[in-house]
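Asks: Structure in structure tokens, see below.
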Amino acid sequence: DWSSDVCSSDLVRNRIRPVRHRIPTPRKTFPLVGRNLTLLHQLLKLNHRPANRLSERQQTSRVRRPVHQRNLNNLTINKTAGTSVLLGDAVNASQTITVTNILTLTSGLIKTAGGSPSNYIYLSKSDGLTTGSASSYINGNFRRSIPTGTSTLNWPIGTGNSYAPASVSFSGVTVAGDLQASTTDGDSSQISSAQLNAAQSVNRVWSLAGFSNLAYSSLSPTFTFLANDLDAGTSTSALVAGRHNGSTWF
């Protein structure tokens, strides 16, 4: 219980009269702009603030602020494996978490609210990602900064309990920008118009989208899927990737 009653005294007509004050109960909204946030099992730490122990119910609640864009210096996820942290609020149309320095994924998942492309976690430092694994990844949209030149970057993404990361190698990036990636279960909704066999396929879709005028000579993506994503009898040596740009297959 975060609230309690305390007594103070004031002087009224030459008599000491006890006055009851109530310490206000903190809301589940934390001022996070420009701060470090570490999410641990049964512990939430904010830098420059004392650590406060949370109840199990509070642990599973959203980490949010009443604005649609919020900036963190560092974000570390280190919770019980398999548990999720929901960043944002599915009620609002656009929710963005920006990490300006280091994003560390140790244990537990980050879930972006609502599933909309406008709900995402953004890492603005191109080399700011630490780890990412089947024990800790982003269930939703992950956008990260792409530097000029040549680089290979990872997107530790997945769905539910399925870790299905993407890795993209860039060559000849002349204008730095951002790339957002996510993955969903099941075949593409447009697979009927593709030259792909829907009965012998990987039942998973990866979505990539460039932002901020990202310009490059070429890119080469690598997608990782799980054995249970495959249709029965599918030969992995015969798999090919299909790319759909919203209207046409390539």
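The numbering used here applies: residue 121 is where the sequence shown begins, and numbers increase by one. Note that CB positions come from ideal geometry on N, CA and C, so glycine has one too.
1. Is it buried or exposed for residue 272, if we count other Cβ within 10 angstroms and need 16 for buried?
2. In whole angstroms, what separates the C-alpha of residue 359 from that of residue 322?
3. Enumerate, from N- to C-terminal direction, the unbroken beta strand (DSSP E) stretches of 3 or more residues contained entirely within the stretch 215 to 255.
4. Can you tell me whether residue 261 is helix, strand or coil according to DSSP?
5. State the Cα-Cα distance for the pair residue 256 and residue 267, rounded to the nearest angstrom.
6. Per DSSP, which residues does residue 363 bridge with? Please list them.
7. Using the C-alpha atoms, what's the distance from residue 262 back to residue 164?
8. Are the stretch 281 to 295 and the stretch 310 to 321 in contact at 8 Å, needing three or more beta carbon pairs?
9. Identify whether residue 333 lies in helix, strand or coil by the three-state DSSP scheme.
10. What residues in its chain sit with their C-beta under 6 Å from that of residue 201, if we drop five residues either side in the sequence?
11. Suppose the cutoff is 6 Å on Cβ atoms and the five residues either side in sequence are ignored; what does the same chain contact list for residue 252 look like?
Replies: Based on what the coordinates show:
1. As a working mapping, residue 272 is identified with position 152 in the sequence shown. With fewer than 16 other Cβ atoms within 10 Å, it is exposed.
2. Locating residue 359 in the sequence shown gives position 239, counting from the first residue. Locating residue 322 in the sequence shown gives position 202, counting from the first residue. Using only the alpha carbons, I get a separation of about 8 Å.
3. 215 to 227, 229 to 232, 239 to 243, 249 to 251
4. Reading the sequence shown from its first residue, position 141 is the one you call residue 261. The answer is coil: DSSP assigns residue 261 none of H, G, I, E or B.
5. Taking the first residue of the sequence shown as position 1, residue 256 is located at position 136. Taking the first residue of the sequence shown as position 1, residue 267 is located at position 147. Computed Cα separation, rounded: 25 Å.
6. Along the sequence shown, read from residue 1 onward, the residue named residue 363 stands at position 243. According to DSSP, residue 363 bridges with nothing at all.
7. Along the sequence shown, one-based indexing puts residue 164 at 44. Along the sequence shown, one-based indexing puts residue 262 at 142. Any reading at residue 164 needs caution, since the residue's pLDDT is 34, under 50, leaving its predicted position unreliable; the model's value is listed next. Rounded to whole angstroms, residue 164 to residue 262 spans 23 Å at the Cα level.
8. no
9. Position 213 of the sequence shown, counting from 1, holds the residue named residue 333. Coil, per DSSP.
10. For this step, residue 201 is matched to residue 81 along the sequence shown. 227, 255, listed in sequence order.
11. As a position in the sequence shown, residue 252 is number 132, starting the count at 1. So the list reads 225, 276, once near-sequence residues are dropped.
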